[in-house]
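**Student:** Taking full-length UniProt numbering, I'd label the letters of the sequence shown as residues 1 to 780. Sharing a structure below in structure tokens format, with a few things to ask.
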Amino acid sequence: MHHGVRCQDSIFEWTIYEELEDVAVEVAGHFVSLSRSGLLAFWRRDLTKRFETKIAVLDDGDKMTTMSTGLACLPRYKMVAVATTAADIRFFSSDTYRFEHKFSILWLPAVLVNMHCYNSEKLSCGDFMGKVYIINLFEDFFKRVRRRANHLGPQKVTFEDLKKGRMLGLKFQSTAKSHLTNVAKETLTGHFNSVTHVLVDEKRLYLISADRDRIIRIWNLRTPRCLQVLKFKESEFSERQVFASVFLDPDYDRLIVATSRIAVLNSSHKEIRKTAHPDSELVIFVGYSSVFECFITVGNKASVSMWDSQSFSLIHEFTNTHVTFNKEGIIQIVDVTAAGFDPSERRLITAARDGTIKVWNFHLGICLRKFKAKFSVLALSFVDFQIFAAGSSGLISIFYDDGEATIEDTEWKPIDKQTIVSVDTYSQNFLASATSQGEIMVWLWKNADVKLRVKEDLEGPTIPEDPDYPAKAVVKDRKNSSISQILFLRTREMDDSIGNLVSCGIDGRIRFWSVMCTQKVNKWRLLSKFRAVFRECDGVLCIATDRKNKYLFSGDSMGYIRVYDLEDYYALYGSVPSNAKKPKMQNYEKYPFLRLQRLIQYNHSQHSKFDAEGGREFGFAPLLLNCFRAHMGALLKVTYSNETEIVVTAARHGSIRLWKTSGTYIGHLGTDEIMPKFKHMPPDIQAIASPLTLHVFNNGRKPHWERAMNALKRCRLGHTSEETEEKPFAWIKKKDVVTKEFSEDFTLHRELEKRLPRFPGTTALKLQLHNVQNIGIDDK
Numbered sequence: 001m002h003h004g005v006r007c008q009d010s011i012f013e014w015t016i017y018e019e020l021e022d023v024a025v026e027v028a029g030h031f032v033s034l035s036r037s038g039l040l041a042f043w044r045r046d047l048t049k050r051f052e053t054k055i056a057v058l059d060d061g062d063k064m065t066t067m068s069t070g071l072a073c074l075p076r077y078k079m080v081a082v083a084t085t086a087a088d089i090r091f092f093s094s095d096t097y098r099f100e101h102k103f104s105i106l107w108l109p110a111v112l113v114n115m116h117c118y119n120s121e122k123l124s125c126g127d128f129m130g131k132v133y134i135i136n137l138f139e140d141f142f143k144r145v146r147r148r149a150n151h152l153g154p155q156k157v158t159f160e161d162l163k164k165g166r167m168l169g170l171k172f173q174s175t176a177k178s179h180l181t182n183v184a185k186e187t188l189t190g191h192f193n194s195v196t197h198v199l200v201d202e203k204r205l206y207l208i209s210a211d212r213d214r215i216i217r218i219w220n221l222r223t224p225r226c227l228q229v230l231k232f233k234e235s236e237f238s239e240r241q242v243f244a245s246v247f248l249d250p251d252y253d254r255l256i257v258a259t260s261r262i263a264v265l266n267s268s269h270k271e272i273r274k275t276a277h278p279d280s281e282l283v284i285f286v287g288y289s290s291v292f293e294c295f296i297t298v299g300n301k302a303s304v305s306m307w308d309s310q311s312f313s314l315i316h317e318f319t320n321t322h323v324t325f326n327k328e329g330i331i332q333i334v335d336v337t338a339a340g341f342d343p344s345e346r347r348l349i350t351a352a353r354d355g356t357i358k359v360w361n362f363h364l365g366i367c368l369r370k371f372k373a374k375f376s377v378l379a380l381s382f383v384d385f386q387i388f389a390a391g392s393s394g395l396i397s398i399f400y401d402d403g404e405a406t407i408e409d410t411e412w413k414p415i416d417k418q419t420i421v422s423v424d425t426y427s428q429n430f431l432a433s434a435t436s437q438g439e440i441m442v443w444l445w446k447n448a449d450v451k452l453r454v455k456e457d458l459e460g461p462t463i464p465e466d467p468d469y470p471a472k473a474v475v476k477d478r479k480n481s482s483i484s485q486i487l488f489l490r491t492r493e494m495d496d497s498i499g500n501l502v503s504c505g506i507d508g509r510i511r512f513w514s515v516m517c518t519q520k521v522n523k524w525r526l527l528s529k530f531r532a533v534f535r536e537c538d539g540v541l542c543i544a545t546d547r548k549n550k551y552l553f554s555g556d557s558m559g560y561i562r563v564y565d566l567e568d569y570y571a572l573y574g575s576v577p578s579n580a581k582k583p584k585m586q587n588y589e590k591y592p593f594l595r596l597q598r599l600i601q602y603n604h605s606q607h608s609k610f611d612a613e614g615g616r617e618f619g620f621a622p623l624l625l626n627c628f629r630a631h632m633g634a635l636l637k638v639t640y641s642n643e644t645e646i647v648v649t650a651a652r653h654g655s656i657r658l659w660k661t662s663g664t665y666i667g668h669l670g671t672d673e674i675m676p677k678f679k680h681m682p683p684d685i686q687a688i689a690s691p692l693t694l695h696v697f698n699n700g701r702k703p704h705w706e707r708a709m710n711a712l713k714r715c716r717l718g719h720t721s722e723e724t725e726e727k728p729f730a731w732i733k734k735k736d737v738v739t740k741e742f743s744e745d746f747t748l749h750r751e752l753e754k755r756l757p758r759f760p761g762t763t764a765l766k767l768q769l770h771n772v773q774n775i776g777i778d779d780k
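What follows is the structure, encoded as structure tokens:
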């Protein structure tokens, strides 16, 4: 950006004086600027001023001050057109030594607010009333104007004569439509204030828009999607200055913004980042905003990124969301511990370890509200204008944010000193909080009343004391009881047989609870407990569901994602668990995992049977629709976009990937390249993928096994079914004279001997043929 280039007046129009091959003009290729007071300037490409003049914007005998409203260049006729608030268009000679007013078009029906001249032949005009018309310009008229004596003054042409065709060399052409009528095509949303400028990059098919907040957005007209958001600092443009002019220089790929200062933004090809949040170790939040149709990710090192939902490219990013200053005045980043959308999905709320809570306009990176809790915030939840914050020492606070008033409610008295790791709300009355010790409390949050205390009684064997590891019993108990996340199924009612609360834990299990809180009845019941991991040492770190609570998504510490069917799983009064029923026929086509052989399904179901240290599994697990490995490391966050039907998973070091529920790999945030067909899985997963994951990624097919069997059949070494019409030895029966009985084994033996390499002094190997069978997965 160029700084320090100042003007005498605020510039509202900035354009270029095009350079033509057959016309020689000294200002060709120069920039042209115009202020409201009529200050016209020509600038070289290096933004040094070439010529400046004050255009007379007063009519003869008129004492009322007029202002400039539009600018257009006519390089073929060596003129510049200026529109004013006197409802006229004034044409000036562009000769810097004799800059003269040549003629004017008077008494327009309304003041022009915009003009554009195409190839010096068509002058497009848009007026204050919303009407658009075109004035065709011809060489004959301008020849007469140039021959006109200077002492006669500028020639005056009325709009009525122009409209009736009385002026030779000027032709009026009206458009068929007016902007007073409704326009219902291609509306691009994203600006929070009125749009002041709109430009089109015809080379890239980009649209550039600027608003009164000094925010510039770049859109892709093919999609159409917002590709980039540009925001200036206060030191670059003062707070009161609004962009008076925005111009796109297509020859040098530059965007020029003008007020009392001139800013030049150069277009540069920036490599698309392969990962999000390079400075963050963990991804705290992953979400999809249906309002703005974009993905939002939050890293633990105080960074927020906004991604396009179709190209998966980075739109906007702002850092240092939570900072503090040490004694020396040096900025230090405070780790972000929790984040989430408000119910409208228009604002982002982040919480830090020092207790600060901020409400963000994530499109602009502007902090709208700021709160301060007296504890380290570890979990957030939202209902209407209420923000629930929970964290260390079992404390919970409510913050009200209605856009006008900001009120902090009194902190709830903790029931115990256990750290709260997850909270979630049910309707507008109940709040559930889960502690690191495995206890779930259901609160009536309007009066901070604890209605239920939910905790499972583990009946595992007693852990003997170990002198070398004194804390073994404590660590083992913490692993068996610790909760990672809780989730309310908000579409379900509170009933004794309906599972409306889900929890997952470090022990690798998912639990379904029935929670009832009414005026007379407050009780809970554990409906099911099943393991959702492969190994004993793994745990379930995150869970998510869709808006209608038809699916449950879980992510474990090994990087596997699981999709469960919740449609008939403890959903209604007296409902039967779905795993007691067979999958629907359409599910077999959608989910390749269901088409696996019985052996793999049997092995996977064994993990939900019995655990000697954690007690016997309880109830029935829901139908497992899909299971595959999504990341090499622990899967930290999982979310589901209902609008795009995309599952988003996040791992360490900013690895964020997108999937279909069927297991189809879509891509990862940070690139807009289309995945080719042969790259249907991440390369790191492909290197060590298990047969289960490969089966899902290959859509239920076994391409390598199929190629091997086809190769064996071509060599006639494999098993041939009885339905095969080919008979390799039918030619023997057609001969009349047969000297020796041939067998298939003998013939294959001789065929293999011919193919084996022979070396001097050696003899062929003795081959022993065995019956080759088609061994399936079902065979043990």
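Built from N, CA and C at the ideal position, the CB exists for glycine as well.
Report the three-state DSSP secondary structure of Lys-780 (helix, strand or coil).
**Tutor:** Since pLDDT at Lys-780 reaches only 37, below the 50 mark, its modelled position is unreliable, and the value read off the structure follows with that caveat. It is coil, neither helix nor strand.
**Student:** Taking the alpha helix (DSSP H) that Ala-687 falls in, what are its first and last residues?
**Tutor:** Segment 683-688, the alpha helix (DSSP H) holding Ala-687.
**Student:** Check whether the Cβ of Val-442 lies closer than 9 Å to any Cβ atom in chain B.
**Tutor:** Looking at the structure shown, chain B is missing, and only one protein chain is on hand.
**Student:** Rounded to whole angstroms, what's the CA-CA distance from Val-336 to Ile-543? Just pull it up for me.
**Tutor:** Cα to Cα, the separation comes out at about 20 Å.
**Student:** Just grab the DSSP bridge partners of Ile-646 for me.
**Tutor:** Ser-641.
**Student:** In the structure shown, what three-state DSSP assignment does Leu-526 receive?
**Tutor:** Three-state DSSP puts Leu-526 in a strand.
**Student:** Should Ser-174 go down as buried or exposed, given a rule of 16 or more other Cβ atoms within 10 Å for buried?
**Tutor:** Per the 10 Å Cβ criterion, exposed.
**Student:** Is it the case that the Cβ atoms of Val-423 and Ala-434 are separated by a distance below 9 Å?
**Tutor:** In this structure, Ala-434 lies closer than 9 Å to Val-423 by Cβ.
**Student:** Just to confirm the assignment: which complete alpha helix (DSSP H) runs, minimum length 4, are found wholly within the stretch 181-228?
**Tutor:** Taking only runs of at least 4 residues, no alpha helix (DSSP H) segment lies wholly in the stretch 181-228.
**Student:** Looking at the strands, I want to know which residues DSSP matches up with Cys-517.
**Tutor:** Asn-522.
**Student:** Would Gly-619 and Leu-527 be called neighbours here (beta carbons separated by less than 9 Å)?
**Tutor:** Closer than 9 Å, so yes.
**Student:** Between which two residues does the alpha helix (DSSP H) containing Leu-380 stretch?
**Tutor:** Per DSSP, Leu-380 belongs to no alpha helix (DSSP H); it is in the beta strand (DSSP E), 377-383.
**Student:** Could you please give me the residues that DSSP links to Phe-618 through a beta bridge?
**Tutor:** According to DSSP, which records beta bridges pairwise, Phe-618 is partnered with Lys-529.
**Student:** Less than 9 Å separating the beta-carbons of Ser-33 and Ile-55?
**Tutor:** No; because the gap between Cβ atoms is not below 9 Å, this pair is not in contact.
**Student:** Along the chain, where does the alpha helix (DSSP H) that runs through Glu-160 open and close?
**Tutor:** Here the alpha helix (DSSP H) through Glu-160 covers 159-163.
**Student:** Under DSSP, the alpha helix (DSSP H) around residue 781 begins and ends at which residues?
**Tutor:** This structure cannot speak to residue 781, because the chain is shown only from 1 to 780.
**Student:** In three-state terms, what does DSSP make of Glu-493?
**Tutor:** Coil, per DSSP.
**Student:** Applying the 10 Å Cβ sphere with the 16-neighbour rule, what's the burial state of Tyr-97?
**Tutor:** By the 10 Å Cβ count, Tyr-97 comes out exposed.
**Student:** Quick one: which unbroken beta strand (DSSP E) runs of 3-plus residues sit fully inside the stretch 286-327? Chain order, please.
**Tutor:** Listed in chain order, they are 294-299, 303-308, 314-319, 323-325.
**Student:** At a cut of 8 Å, does the stretch 322-335 reach the stretch 366-385 through at least three beta carbon pairs?
**Tutor:** The stretch 322-335 is not in contact with the stretch 366-385.
**Student:** Taking the continuous beta strand (DSSP E) assigned at Thr-53, which residues delimit it?
**Tutor:** Here the beta strand (DSSP E) through Thr-53 covers 49-54.
**Student:** Between the Cα of Asp-9 and those of Gly-29, Phe-243, Leu-170, spot the shortest distance and give me the residue it belongs to.
**Tutor:** Checked all of Gly-29, Phe-243, Leu-170; the closest Cα to Asp-9 is Phe-243.
**Student:** Can you tell which of Gln-418, Phe-430, Trp-445, Lys-446 has the C-alpha that lies nearest to the C-alpha of Gln-437?
**Tutor:** Checking every option, the nearest Cα to that of Gln-437 belongs to Gln-418.
**Student:** Quick one: Cα of Ile-510 to Cα of Ile-396, how far?
**Tutor:** Whole-angstrom Cα-Cα distance: 25 Å.
**Student:** DSSP beta-bridge partners for Met-115?
**Tutor:** According to DSSP, Met-115 bridges with Cys-125.
**Student:** If you follow the alpha helix (DSSP H) that Met-167 is part of, which residue opens it and which one closes it?
**Tutor:** Premise fails: Met-167 is in no alpha helix (DSSP H) and is neither H nor E.
**Student:** Under 9 Å between the Cβ atoms of Asn-699 and Asp-546?
**Tutor:** No, the pair does not count as a contact, with Cβ atoms beyond the cut-off.
**Student:** I need the straight-line Cα distance from Val-195 to Leu-188, nearest angstrom please.
**Tutor:** Straight-line Cα distance between these residues: approximately 11 Å.
**Student:** In angstroms, rounded to a whole number, what distance separates the CA positions of Arg-254 and Leu-74?
**Tutor:** Spanning the two alpha carbons is a distance of roughly 22 Å.
**Student:** Below 8 Å CB to CB, which residues in the same chain sit around Trp-360 once its five sequence neighbours on both sides are set aside?
**Tutor:** Once the five neighbours on either side are set aside, the close Cβ partners of Trp-360 are Val-304, Thr-321, Arg-347, Leu-348, Ile-349, Thr-350, Ile-366, Cys-367, Leu-368.
**Student:** Could you give the first and the last residue of the continuous beta strand (DSSP E) run that contains Thr-69?
**Tutor:** Taken as a continuous stretch (DSSP letters only), the beta strand (DSSP E) holding Thr-69 covers 68-74.
**Student:** Based on DSSP bridge pairs, tell me the residues matched to Asp-538.
**Tutor:** Answer is none; Asp-538 lacks a bridge partner.
**Student:** Smallest Cα separation from Asp-251: which of Lys-523, Leu-541, Thr-15, Glu-536?
**Tutor:** The candidate whose alpha carbon is nearest that of Asp-251 is Thr-15.
**Student:** According to DSSP, Tyr-133 sits in a beta bridge with which residue or residues?
**Tutor:** Beta-bridge pairing links Tyr-133 to Cys-125, Ser-174.
**Student:** Nearest CA to the CA of Phe-341: which residue from Val-377, Val-298, Trp-307?
**Tutor:** Answer by Cα proximity: Val-298.
**Student:** Considering only residues of the same chain and omitting the five flanking positions on each side of Tyr-588, which have a CB-CB separation below 7 Å?
**Tutor:** Correct list, in chain order: Leu-594, Arg-595.
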